[in-house]
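Undergrad: The opening residue of the sequence shown carries number 1 in the numbering used here; numbering runs sequentially from there.
Idealized CB from N, CA, C, for every residue including glycine.
Got a structure here, written out as structure tokens. Questions coming.
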Amino acid sequence: MVCFRVGNISYEIGTASFLYSFFSTVAYRLEKGRWGSRFPMIMNELYQGQLPFEKILVAKQELKQIKKELSFFLPDQVVWDIDDLSKQPPWKNHISHTITSLENYFITCDGQDFIEVFQNTLDTAIEIKEDVLIQ
């Protein structure tokens, strides 16, 4: 199980492939396949495992833009693996009718909206002045 960690606080995400799907979708759909070209704090810094506290405000702005832009894509436009575009999520197209776009497509292992959890993680990091780690 993969999580975001801020100090002693963990936010469970899900499998590594699930998290990679979020990054793959952003890179493919919003960055035209050029990983980190538009959202370097999230796609480069955080993806490598650590987002320094000093860069979190920029990352918050990036996430806000990502959320907005993902709302324009239908759920069937998810990219499960940018390295193999033929790969599909384990659940294929069997998703809840409440999922209306890629903005609300990503749901954590405990049923929470991934982008909201991500936003909460960044807010916590600002509040306690800690880096964000992927573990």
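For Ile13 versus Phe4, is the C-beta spacing smaller than 8 Å?
TA: Within the sequence shown, the letter at position 13 stands for residue 13. Within the sequence shown, the letter at position 4 stands for residue 4. In contact: Ile13 and Phe4 (Cβ atoms closer than 8 Å).
Undergrad: By alpha-carbon positions, which one of Val79, Tyr105, Glu127 and Asp84 ends up nearest to Glu31?
TA: Mapped onto the sequence shown, residue 31 falls at position 31. Among Val79, Tyr105, Glu127 and Asp84, the Cα nearest to that of Glu31 belongs to Val79.
Undergrad: With distances taken Cα to Cα, identify the nearest neighbour of Glu127 among Val6, Gly33 and Ser17.
TA: Here residue 127 corresponds to residue number 127 of the sequence shown, with the count starting at 1. Out of Val6, Gly33 and Ser17, Val6 has the C-alpha closest to the C-alpha of Glu127.
Undergrad: Excluding five sequence neighbours on each side, which residues of the same chain lie with their C-beta closer than 6 Å to the C-beta of Ser71?
TA: Start at 1 with the first residue of the sequence shown, and residue 71 comes out as number 71. Within the same chain, Ser71 has close Cβ partners Ser101 and Glu103.
Undergrad: Counting pairs of beta carbons, one from the stretch 60 to 68 and one from the stretch 88 to 100, are three or more of them closer than 8 Å?
TA: These segments do not touch.
Undergrad: What residue range is occupied by the uninterrupted alpha helix (DSSP H) comprising Ile56?
TA: Working through the sequence shown from its first residue, we reach residue 56 at position 56. Counting along the chain, the alpha helix (DSSP H) containing Ile56 begins and ends at Ile56 to Leu70.
Undergrad: Report back the beta-carbon spacing between Val132 and Leu19 to the nearest angstrom; my notes put them in contact at under 8 Å.
TA: In the sequence shown, residue 132 corresponds to position 132, counting from 1. In the sequence shown, residue 19 corresponds to position 19, counting from 1. With 8 Å as the limit, Val132 and Leu19 do not qualify as a contact, their Cβ atoms being about 13 Å apart.
Undergrad: Please list, in chain order, all residues of the same chain as Asn120 whose beta carbon is under 8 Å from its beta carbon, the five residues on each side excluded.
TA: In the sequence shown, residue 120 corresponds to position 120, counting from 1. Tyr11, listed in sequence order.
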